[in-house]
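S.K.: This is the structure I want to talk about, given as structure tokens.
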Amino acid sequence: MPQPNEDFVGAVLEVVAAIPEGRVMSYGDVAAAIGSRAARGVGQVMAYYGSEVPWWRVVRASGHPPQCHEGRALEFYRAEGTPLVWSRDRSVFRVDLAHARHQPD
DNA sequence: GTCGTGACAGTAG
DNA sequence: ACTACTGCCACGA
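Residue 860 in this note's numbering is what sits at position 88 of the first sequence, and the numbering runs on without skipping anything.
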């Protein structure tokens with residue numbers, strides 16, 4: 773049920789923009805949501821157009837935020853109350869996908 | 001049409 | 001926890 777009328781870029785931005793606060797989606801989930809498997813393609817779009825979408829709501833399958841903006845994303849997560857799980861020494865964190873994963877229908 | 005690149009995913013060790 | 005490898009897909013040159 774993909775949308776061949778929408779460009780890959782437009783579809784990605786639409787899905788990411790539809791993620792509510794306190795929720796996140798993995799790159800693979802976003803790709804699947806638009807009927808594609810281009811998890812990497814999603815990253816490419818985010819890298820270029822991410823400035824205009826809540827990019828921090830898109831994380832990797834492991835629950836880690838973008839490799840280049842983890843510190844930046846943490847501020848957004850704190851502000852939105854996104855469920856996070858910290859390591860024992862609180863040095864690193866990851867998103868609790870079990871609770872924060874947003875599933876588009 | 002081919003190649004290199006990438007804010008990825010999954011498996012193996 | 002880590003690195004290394006392969007598979008996948010979109011995009012620009």
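The beta-carbon is built from N, C-alpha and C at its ideal position, and this holds for glycine as well.
1. With respect to the beta strand (DSSP E) encompassing residue 866, which residues constitute its N-terminal and C-terminal limits?
2. Give the single residue among 820, 804, 851, 795 whose Cα lies nearest to the Cα of residue 835.
3. Please check the pair residue 802 and residue 831, which I expect to be a contact at CB under 8 Å, by giving their CB distance rounded to whole angstroms.
4. Is there contact here, the region 845-854 with the region 865-877, by at least three beta-carbon pairs under 8 Å?
5. Rounded to whole angstroms, what's the CA-CA distance from residue 873 to residue 798? Just pull it up for me.
6. Sorted by chain position, which residues of the same chain lie with C-beta nearer than 7 Å to residue 781's C-beta, five sequence neighbours on each side aside?
7. Identify whether residue 878 lies in helix, strand or coil by the three-state DSSP scheme.
M.R.: In brief:
1. 865-867
2. 795
3. Not a contact, Cβ separation roughly 10 Å.
4. Yes: at least three Cβ pairs fall under 8 Å.
5. 8 Å
6. 817, 821
7. Within the shown structure, residues of the chain are numbered from 773 to 877, placing residue 878 beyond reach of any answer.
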